[in-house]
Amino acid sequence: MLALSGLQRRSKLATLSRDDRGSVAIMFALSIFVVFTLVGGAVDFGRAMVARERLQSAVDSSVLAAARGWQLENDLTLAEEKALAHFDSNKPLEDSRVVSFTPDMQAATFTMVGETTVKTPFLSLVKQSITVSTRGQALIAGGGNAGTNLEVSL
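Everything in the sequence shown is counted per numbering that gives the first Met the number 0, starting at 0 for the first residue and increasing by one.
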């Protein structure tokens, strides 16, 4: 093997520094990670928003079931049991849970807060899951609203 002189080495280095073949492949390799992360993050965020909408629907229908149970039976324990049973049958994900159920007889409302955790398969290196929560409130018919038969969920 012949040793290269200093001039030959500088010439080879100059040739290599001007060679731009393969530069697109390097830029693509570096940018594909960023693109994959952005698209994956959008998919995971979208899944979290769908789970939040489904959780909101379950919470809303649960507080309405509690309000209807209170209207028919005038029993607070039964109204809470109906709300929790209704939530369990309509919860969007297996780990969805009721954080709080609060009857307020002064304001004539039932309030429920629900929470669920959505796993993030694309962003799992950065964040394992996204926790979403929502709140629903129902006005109890016949109480605090001048006797009007009204059920509202927000």
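All residues carry an ideal CB built from backbone N, CA and C; glycine is no exception. Only a predicted model underlies this, so the values are computations on that prediction, with no experimental measurement involved.
Close beta carbons around residue i, own chain, < 6 Å, minus the five adjacent residues each side
{"i": "V49", "result": "none"}
{"i": "G143", "result": "Caution applies to G143, whose pLDDT of 47 falls short of 50 and renders its modelled position unreliable; the value that the coordinates give is listed next. These residues qualify, in order along the chain: A107."}
{"i": "W69", "result": "A78 and I139"}
{"i": "M0", "result": "Here the model assigns M0 a pLDDT of 49, short of 50, so the residue's position is not dependable, and the following value carries that caveat. The answer is none, since no qualifying residue turns up."}
{"i": "T76", "result": "none"}
{"i": "K118", "result": "S128"}
Rounded Cβ spacing between residue i and residue j (contact assumed at less than 8 Å)
{"i": "A57", "j": "F100", "result": "With 8 Å as the limit, A57 and F100 do not qualify as a contact, their Cβ atoms being about 13 Å apart."}
{"i": "S88", "j": "V112", "result": "That belief does not hold up - the Cβ atoms of S88 and V112 are roughly 18 Å apart, past 8 Å."}
{"i": "I129", "j": "A47", "result": "4 Å"}
{"i": "D59", "j": "G135", "result": "4 Å"}
Cutoff 8 Å; reference residue i; Cβ partners in own chain excluding five residues on either side
{"i": "D103", "result": "F109 and T110"}
{"i": "E72", "result": "A78"}
Own chain partners of residue i with C-beta closer than 7 Å, once the 5 adjacent residues on each side are dropped
{"i": "A65", "result": "A78, E79, K81, A82, F109 and A137"}
{"i": "L54", "result": "P91, S95, G113, T115, V131 and T133"}
{"i": "R51", "result": "V131 and T133"}
{"i": "M26", "result": "none"}
Three-way DSSP call (helix, strand, coil) for residue i in this model
{"i": "V125", "result": "coil"}
{"i": "R20", "result": "coil"}
- Query: At a cut of 8 Å, does the stretch 22 to 42 reach the stretch 115 to 128 through at least three beta carbon pairs?
  - Reply: yes
Q) What are the start and end residues of each continuous alpha helix (DSSP H) run of 4 or more residues lying completely inside the stretch 48 to 119, in chain order? A) 75 to 89
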